[in-house]
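Presented below is the structure to which this report refers.
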Amino acid sequence: MGITRDEVAHLARLSRMSVTDDELDALAPQLEAILSAVARVAEVAAADIPPTSHAVPLTNVFRPDVARPSLPAAEALAGAPAAEDGRFRVPRILDPDE
């Protein structure tokens, strides 16, 4: 059972992407190939093998988190296209009922 064009269109709407008809036709088989590859990996996964995110140990290379003076709020908001009540104002992307 492959991924349908309608399912791709639904995913595009959920991610707020503008997708042309040609892109819908091209993306459906690509997403199906991705899902098939993931399904193949799931078939091979064994219960006695612990999940890993990296093959080798990672070392934290980040600097220490030290508080330091930052840009005053008024100065940061001065460059914003819109501000309200001391905060950045951004367009609503979700319906209030969601």
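Numbering-wise, the sequence shown is residues 113 to 210 according to my numbering. From the three backbone atoms N, C-alpha and C, an ideal C-beta is built for every residue, glycine too.
query, result
"Exposed unless 16 or more other CB atoms sit within 10 angstroms - verdict on Leu126", "exposed"
"Sheet register partners of Ala195 (DSSP bridge)", "Phe200"
"Arg117 and Leu136 closer than 8 Å at C-beta", "yes"
"Every unbroken alpha helix (DSSP H) inside the segment 135-187 [4 residues or more]", "none"
"Helix, strand or coil at Asp118 according to DSSP, with G and I counted as helix", "helix"
"Buried versus exposed call for Ala183 [16 or more other C-beta atoms within 10 Å across all chains shown]", "Looking at the sequence provided, one finds Leu at residue 183 rather than Ala. Burial call: exposed."
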